[in-house]
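Before any comments, here is the structure.
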Amino acid sequence: MVVTAFATRDVIGALREGNGIVPVQALIAMVAAGFAIFGLRSAEGAIGERTAQSYAADIRRTLFLHMTKMPTSAMARRRAGATALRYVGDLTAFKGWVARGLVRYISGAVTIPAAFLILYWLEPRLALAAAVPIGVVVITIFLLGQPLADAHATLRSKRARLAADMAERLPQGIALRRSGRVKTELRALDAKSEKIVRAAVWRAWLAETVRAMPDAAAGIAGALCLWVCLDLRLSVADAVAALTALALVVWPLRHLADARDRQKAFGVARAKLDATLSTPRMRSLKKANADPDAPAVALDGVRMPGSAPLNLTLQCGEMRRLSGPASCGKSRLLLTLAGFEAAPDEGMLKVFGSAPAASKSGRILYLGQYAPTLKGSLRREVTLGTGCDPEKAELRDVIKRAGLVDMTERLGGLNGQVSEGRRNLTSSERGRLFLARGLIARPDLALIDADEIGLKGEALAVLLDHFECLGAAVLIVTSDKAAQIRLGSPVRLQTTGNYSRADAA
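Residue numbers for the sequence shown follow our numbering, so the first one is 609 and each next one is one higher.
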């Protein structure tokens, strides 16, 4: 910038003198400065983007690790659309701040003082004349930061609600149509969209007002500088150099305004991310070695939400049924024993002599509503959560025993794709998929929420036979009559009456 301004002054001076001498050095300096600015701006963009992508990757990793430690009940209370926004909308705000905001603050901190330094070298009063309008603009940009932040927060909140609503409704589109809800849902969608439009227009108006201020400041500063040049009778070359310096300062000023907008969007996203990362999570525990003398499950005075204290000792190789009235916490207890939920504060709960979360992968098998599922190959879906990677022949044998041959052929073999949420499987196929997982697994403790996943009759009997042959301990929730007779006297959960259905999630 400095070289460009003074080289421009030398060229204009040579033109004014009209002696035919070409200022070659000044022209070369202008070309070199142009290439230097080109290279530096390109590097600024590349470095900023690399830093932003690295920053977003770290946030994405931190967020994922945090959510893998959140209890199942806490995740169940979060709406899918709002959770997805953490990974899409908020990360865009984080990347925009680092790649296009923070780096522009840094470059503006260099270029704007450099422009004033040029004006000061030309004539101190030029710098003073330009400082007034540009200073007012810089102060205004920062004063408008809070209204910008409020506008970003309002728009983001409305978008999050709409995203959550649509994530809930879109998979049920045809069902809502057949229920006569289309007009009602469209009215609600239009009303929410209108609110988003108003919030977006207000935010855009504020942001563009901030971005447009440098142009107004440049016009005022240019007029003041020319007035100073006329008043002091400075040369035309000095006037052109001053205007060149002002032209160079408008670009970083625009960037400064844009950076302020991105900073406020970042602040709103950061607050939401901080709130997410501050939610309760389960402690990470070192994997413990098995205590050969410890029972598979030991409960002493454990009080699940809304239930009476429970005492239970389940020895290795023993199979028991968990019973109790509806919504008394049977599923919650299985999730807690599987390490999906934090242990209650009251009482003692141990699995193989330690906390459930300290058990090594593969020792505990959970088959229930919250068992993991991922879109992908049938092979992965069958083995997910079992801790085993069987050979193809063994896998085909298990699929045959589980009665999934027809499903496997329909999907196109072991590499056939299972849709997200197993949407391309029938309810009976989903139940038999859990049976296949159980037949593959070699756990020391099996926790089966059979009623929730539709395991009953012959399929459930085959699974219990398998665990009996393994010598695994089994704790199961089932209403299947044959299984009840086989499992004998149940472990019964008693309610206290102070219990909500949300606690059962």
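The C-beta atom is built at its ideal place from N, Cα and C for all residues, glycine as well. The structure presented is a predicted model; accordingly, all values stated were derived computationally and were not measured.
Item, Value
"According to DSSP, residues forming a beta bridge with SER931", "ARG1100"
"Whole-angstrom distance between ALA707 and ARG658, CA atom to CA atom", "8 Å"
"GLY1020: CB within 8 Å of a non-hydrogen atom of the ligand GDP", "Looking at this structure, you won't find the ligand GDP or any other ligand, since it has none at all."
"Opening and closing residue of the alpha helix (DSSP H) in which VAL711 lies", "711-730"
"Whether ASP866 touches ARG649 by CB criterion (9 Å)", "no"
"CB of LYS1000 within 9 Å of CB of LEU986, strictly", "no"
"4 or more residues per run - each alpha helix (DSSP H) lying fully within the region 745-790", "753-777, 781-786"
"C-alpha distance - LEU784 paired with GLY709, whole-angstrom precision", "43 Å"
"VAL594 - partner residues in DSSP beta bridges", "Outside the displayed span of the chain (609 to 1113) sits residue 594, for which this structure offers no information."
"Cα-Cα separation between ASP1111 and ARG889, rounded to whole angstroms", "With a pLDDT of only 37 at ASP1111, under 50, the local geometry of the prediction cannot be trusted, and no value is derived from it."
"Same chain only: Cβ atoms within 7 Å of TYR1059, ignoring 5 sequence neighbours per side", "For the sequence presented, residue 1059 should be read as Asp rather than Tyr. Hits under 7 Å: VAL1085, THR1086, SER1087."
"Exposure of TRP835, with buried meaning 16 or more beta-carbon neighbours within 10 Å", "exposed"
"CA nearest to the CA of GLY1024, picked from LEU1053, VAL990, ALA1044", "VAL990"
"The region 794-803 touching the region 830-845, judged by at least three CB pairs closer than 8 Å", "no"
"Length of the line joining the Cα atoms of GLU1002 and ALA1010", "12 Å"
"Limits of the alpha helix (DSSP H) - the one that THR1034 falls within", "Looking at the DSSP string, THR1034 is not in any alpha helix (DSSP H), and its letter there is neither H nor E."
"Assigned exposure category for GLN923 - 16 Cβ within 10 Å defines buried", "exposed"
"Residues of its chain near LEU730, where Cβ-Cβ distance is below 7 Å and the 5 sequence neighbours each way are ignored", "ASP846, ALA849, ALA850"
"Residue from ARG819, ALA735, ILE1056, VAL740 whose Cα sits closest to the Cα of ILE749", "ARG819"
"Distance between LEU1033 and VAL1026 (C-alpha atoms, nearest Å)", "8 Å"
"Euclidean distance between Cα positions of GLU816 and ALA825", "15 Å"
"Buried or exposed (CB count within 10 angstroms, at least 16 for buried), SER1035", "exposed"
"Straight-line Cα distance separating GLU776 from ARG1038", "22 Å"
"Reduced DSSP secondary structure (H/G/I, E/B, other) of LEU918", "strand"
"Member of SER1097, THR1016, LEU973, LEU861 whose CA lies at the smallest distance from the CA of ALA722", "LEU861"
"Check whether PRO1200 and GLY875 have beta carbons under 9 Å apart", "Shown here, the chain extends from 609 to 1113; a query on residue 1200 therefore has no answer."
"Cβ-Cβ distance between LEU957 and PRO1051 below 9 Å", "no"
"Beta-carbon proximity of ALA855 to ALA738, cut-off 9 Å", "no"
"For ARG962, the residue or residues it bridges with in DSSP", "A small fix is needed here, since residue 962 is Ser in this sequence, not Arg. Answer is VAL959."
"Spatial distance of ASP908 from LEU920 (CA atoms)", "7 Å"
"Secondary structure of TYR663, DSSP reduced to three states", "helix"
"Test item: CB-CB of LEU864 and GLY716 under 9 Å", "yes"
"Three-way DSSP call (helix, strand, coil) for GLY970 in this model", "coil"
"Nearest to GLY1029 (by Cα), restricted to the options LEU623, PRO980, GLY1079, PRO952", "PRO980"
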